[in-house]
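Asker: Going by the working numbering, the letters in the sequence shown line up with residues 46 to 513, in that order.
From the three backbone atoms N, C-alpha and C, an ideal C-beta is built for every residue, glycine too.
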Amino acid sequence: MAALAEALSRIGRATLPSRLEVEHPGLPAGPTDPPWLQTLLWLTRPTRLLRRYHARFGETFTMRVVGVPPFVMFASPEAVKEIFTGPPDELYAGEANVVLEPILGQHSVLLLDGPRHMRQRRLLLPPFHGARMRAYGETMRDVTLASIARWPRGAPFPVHEHTQAITMDVILRTVFGLDEGDADMAALRDALTRLLAGVANPFLLIPLVRADLGPRSPGGRLTRQLEAVDALVYAQIARRRRERTRAREDVLSMLLDARDEEGAPMSDVELRDELMTLLLAGHETTATSLAWTFYRLTRNPGALARAHAELDAAFPDGAPIDPDRVRELAWIDACARETLRLNPVVPAVARRLQSPMTIGGHRLPAGVVAVPNIYLVHRNPRVWPDPLRFEPSRFLGDKPSPYTFFPFGGGIRRCIGMAFALYEMQVVLATVLSRLTVRAVPDARVRLVRRAITFAPSDGMPLIVEDR
Numbered sequence: 046m047a048a049l050a051e052a053l054s055r056i057g058r059a060t061l062p063s064r065l066e067v068e069h070p071g072l073p074a075g076p077t078d079p080p081w082l083q084t085l086l087w088l089t090r091p092t093r094l095l096r097r098y099h100a101r102f103g104e105t106f107t108m109r110v111v112g113v114p115p116f117v118m119f120a121s122p123e124a125v126k127e128i129f130t131g132p133p134d135e136l137y138a139g140e141a142n143v144v145l146e147p148i149l150g151q152h153s154v155l156l157l158d159g160p161r162h163m164r165q166r167r168l169l170l171p172p173f174h175g176a177r178m179r180a181y182g183e184t185m186r187d188v189t190l191a192s193i194a195r196w197p198r199g200a201p202f203p204v205h206e207h208t209q210a211i212t213m214d215v216i217l218r219t220v221f222g223l224d225e226g227d228a229d230m231a232a233l234r235d236a237l238t239r240l241l242a243g244v245a246n247p248f249l250l251i252p253l254v255r256a257d258l259g260p261r262s263p264g265g266r267l268t269r270q271l272e273a274v275d276a277l278v279y280a281q282i283a284r285r286r287r288e289r290t291r292a293r294e295d296v297l298s299m300l301l302d303a304r305d306e307e308g309a310p311m312s313d314v315e316l317r318d319e320l321m322t323l324l325l326a327g328h329e330t331t332a333t334s335l336a337w338t339f340y341r342l343t344r345n346p347g348a349l350a351r352a353h354a355e356l357d358a359a360f361p362d363g364a365p366i367d368p369d370r371v372r373e374l375a376w377i378d379a380c381a382r383e384t385l386r387l388n389p390v391v392p393a394v395a396r397r398l399q400s401p402m403t404i405g406g407h408r409l410p411a412g413v414v415a416v417p418n419i420y421l422v423h424r425n426p427r428v429w430p431d432p433l434r435f436e437p438s439r440f441l442g443d444k445p446s447p448y449t450f451f452p453f454g455g456g457i458r459r460c461i462g463m464a465f466a467l468y469e470m471q472v473v474l475a476t477v478l479s480r481l482t483v484r485a486v487p488d489a490r491v492r493l494v495r496r497a498i499t500f501a502p503s504d505g506m507p508l509i510v511e512d513r
């Protein structure tokens, strides 16, 4: 750790302005801790850091992270609205997400801005249209049933590993159209699992750490894991081109058939980058949100009992979950959304300013990164009374403003997989809770830990389940 801190310090001295510039009149006030220290704390103790800076500087403050422009954090819904409704040609999200390029590729919709972003977004949207998306419901339910049949009863086990397995299989089946028993599915599952375990290290977000210094270095292992996954993904693209896509409903087939306004299809490289985005973003985030929801339910027995009662009323006598009816489960949905409020998987979204702009009353120079802070807005007592209390009824009735609740981002950059993720959470939670009851592991201390850019529960979120 000391060696890493010294390396960060050297990079900071070489690439970033002095700490005095943090207090420049053109930027909101912020901590004067050296950039290398802010970076280290952001990677290792992110929520403690955010709470400390928020308490000291208020709803707007500037942070310095090694190797990137200044971050201006916003915790007020008013500023978030200005950012999400601002001109997209002046607020670039792709440039702000450049840290993801080594994994997702330069053609990922998350990395693009301007007309290129809009083209890719239009090509990607059809597979996630509501009616088509619901066709995946039976897959989500059946994968979950197969998984929970193997969960141990009456003994602690790390449920996050199992939710990761569920969402991985759902993605492989719905995106690639693969089935259990297919050798390609097993190979892709194993390669992706190794890659995800590797990229979970938050220090790999630092370019210096990602350097390929041989097969035993962190960067070297990452390079080889990516090469293995890429070979399998390109093989799937080639296979589907050979087999044709007629009558298939998987996402890869639909993307192969998609054409832009000029009639051009996506290239193999573009397909690879978008498939990696769907695989990594759509799998890890939903799995982690499910684990956090179990955490919240085990610590709020009243909410859990109400979830069981809702399921028993909708599907009496142990009837199988009907994926077409899970949207009727208002309390299950509210529990998922309240968990996303308290435990957003991604703490913030970002936009890099292309020209000077006034946001939240602050005149910001071009080049800085404006950051709507999901974690802080979701806990803002001006918006959410008693914000640390788990209260799903907040999401019954009127919908919250998209500037006070935005776990999937906002504006034209809102995650295209939002409806898919929420639906999958509903199906998985309904399936699990209709068959099992869940309880906390005595004396287990679950804390938040970083997995790359996501915030996950520690120790795999230990859980005990029993048959109902």
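Buried or exposed for Glu68, going by 16 or more other Cβ atoms inside 10 Å?
Answerer: No answer about Glu68 holds up, because its pLDDT of 42 lies below 50 and its placement is not dependable.
Asker: I'd like to know whether the C-beta atoms of Leu342 and Ala348 end up nearer to each other than 7 Å.
Answerer: Taking 7 Å as the Cβ cut-off, Leu342 and Ala348 qualify as a contacting pair.
Asker: Pull the bridge partners of Met470 from the DSSP assignment, please.
Answerer: Met470 is not bridged to any residue.
Asker: Using 7 Å as the threshold, is the C-beta distance between Val188 and Ala236 below it?
Answerer: Not in contact: Val188 and Ala236 (Cβ atoms no closer than 7 Å).
Asker: Give every residue of the same chain whose Cβ lies closer than 7 Å to the Cβ of Phe339, excluding the five residues on either side of it in the sequence, and list them in chain order.
Answerer: Taken in chain order, the residues that qualify are Val204, Val483, Met506 and Leu508.
Asker: Three or more C-beta pairs under 8 Å: does that hold for the region 128 to 143 against the region 369 to 386?
Answerer: Contact between the region 128 to 143 and the region 369 to 386 is absent, because fewer than three Cβ pairs lie under 8 Å.
Asker: Using 8 Å as the cut-off, can you tell me whether the region 366 to 381 makes contact with the region 457 to 476, which would need three or more C-beta pairs spanning the two stretches below that distance?
Answerer: Short answer: they touch.
Asker: Since Met321 is in the alpha helix (DSSP H), which residue starts that stretch and which ends it?
Answerer: Asp313 to Thr343 is the extent of the alpha helix (DSSP H) around Met321.
Asker: My output table needs one value for Ala245: the three-state DSSP class, helix, strand or coil.
Answerer: It is coil, neither helix nor strand.
Asker: DSSP on Pro203, reduced to helix/strand/coil?
Answerer: Pro203: strand per DSSP, three-state reduction.
Asker: Given this structure, state the Cα-to-Cα distance separating Glu104 from Ser121, to the nearest angstrom.
Answerer: Distance between the alpha carbons of Glu104 and Ser121: 6 Å.
Asker: Taking the continuous beta strand (DSSP E) assigned at Met118, which residues delimit it?
Answerer: From DSSP, the beta strand (DSSP E) with Met118 extends over Phe116 to Phe119.
Asker: Among the candidates Arg96, Asn142, Arg179 and Leu88, whose CA atom is the shortest distance from the CA of His162?
Answerer: Closest option to His162, Cα to Cα, is Asn142.
Asker: Return the Cβ separation of Val390 and Thr333 in integer angstroms, given the expectation that the two are a contact with Cβ distance under 8 Å.
Answerer: Their Cβ separation, rounded to whole angstroms, is 5 Å, which keeps Val390 and Thr333 in contact under 8 Å.
Asker: Taking 8 Å as the cut-off, does the region 319 to 336 touch the region 192 to 209 (at least 3 CB pairs, one atom from each stretch)?
Answerer: In short, these stretches touch, since the Cβ pair count reaches three.
Asker: Please find out if some non-hydrogen atom of the ligand SAH comes closer than 6 Å to the beta-carbon of Leu467.
Answerer: With respect to small molecules bound, the structure shown includes none, and the ligand SAH cannot be examined in it.
Asker: Grab me the residues of Thr330's own chain with a C-beta within less than 8 Å of its C-beta, minus the 5 sequence neighbours each way, in chain order.
Answerer: Here the set comprises Val390, Val391, Ala466 and Thr499.
Asker: With DSSP collapsed to three states, give me the class of Tyr181.
Answerer: Three-state DSSP puts Tyr181 in coil, outside helix and strand.
Asker: Does the region 134 to 152 come within contact of the region 419 to 433, defined as at least 3 CB pairs closer than 8 Å?
Answerer: Result no; under three Cβ-Cβ pairs closer than 8 Å.
Asker: Name the residue from Arg344, Asp504, Ala475 and Ser298 whose alpha carbon lies nearest to the alpha carbon of Ile517.
Answerer: Lying before the first or after the last residue shown, residue 517 is absent from the chain, which here runs from 46 to 513.
Asker: Hey, out of Leu441, Arg490, Arg513 and Ala415, whose CA is closest to Pro114's CA?
Answerer: If we check each option's Cα against that of Pro114, Ala415 comes out closest.
Asker: With 16 as the cutoff for other CB atoms within 10 Å, does His174 come out buried or exposed?
Answerer: Exposed is the call here.
Asker: Do three or more CB pairs link the region 395 to 403 to the region 376 to 383 at distances below 8 Å?
Answerer: As far as the Cβ criterion goes, the region 395 to 403 does not touch the region 376 to 383, which means the pair count is below three.
Asker: What's the gap between the Cα of Arg93 and the Cα of Asp224?
Answerer: Computed Cα separation, rounded: 43 Å.
Asker: Across which residues does DSSP place Thr107 in a beta bridge pair?
Answerer: Answer is Val117.
Asker: Please go through the same chain and pick out, in chain order, the residues whose beta-carbon is closer than 8 Å to the beta-carbon of Trp429, but skip the five residues on each side of it.
Answerer: Contacts found: Arg386, His423, Arg439 and Thr449.
Asker: Which same chain residues, not among the five before or five after Val472, have their C-beta less than 8 Å away from its C-beta?
Answerer: Excluding positions up to five away in sequence, the list reads Gly182, Met185, Arg186, Thr189, Ile366, Pro368 and Val371.
Asker: On a CA-only basis, which of Arg513, Leu82, Ile282 and Pro437 is nearest Val110? Give me that one, please.
Answerer: Cα-wise, what sits closest to Val110 is Leu82.
Asker: If you reduce the DSSP assignment to three classes, tell me which class Ala359 lands in.
Answerer: Ala359: helix per DSSP, three-state reduction.
Asker: With 16 other CB atoms within 10 Å as the buried threshold, where does Arg97 fall?
Answerer: Burial call: exposed.
Asker: Considering only residues of the same chain and omitting the five flanking positions on each side of Arg64, which have a CB-CB separation below 6 Å?
Answerer: Any reading at Arg64 must be qualified, since the residue scores a pLDDT of 38, below 50, and its modelled position is unreliable; the value itself is stated next. Same-chain partners within the cutoff: Thr77.
Asker: What span of residues does the alpha helix (DSSP H) with Pro122 cover, start to end?
Answerer: Note, Pro122: alpha helix (DSSP H), Pro122 to Phe129.
Asker: When DSSP labels each residue in this structure, what does Met46 get in the three-state scheme?
Answerer: Low local confidence applies: a pLDDT of 49 at Met46 is under 50, so the model's placement there is unreliable, with the coordinate-based value given in what follows. Coil at Met46, not helix or strand.
Asker: Please report the straight-line C-alpha distance between Asp431 and Pro437, rounded to a whole angstrom.
Answerer: If I take the Cα positions, the gap works out to 13 Å.
Asker: Thinking C-beta only, is Leu217 closer than 7 Å to Met230?
Answerer: In contact: Met230 and Leu217 (Cβ atoms closer than 7 Å).
Asker: Below 7 Å between beta carbons: does that hold for Ser479 and Leu374?
Answerer: No, Cβ-Cβ distance for Ser479 and Leu374 is not below 7 Å.
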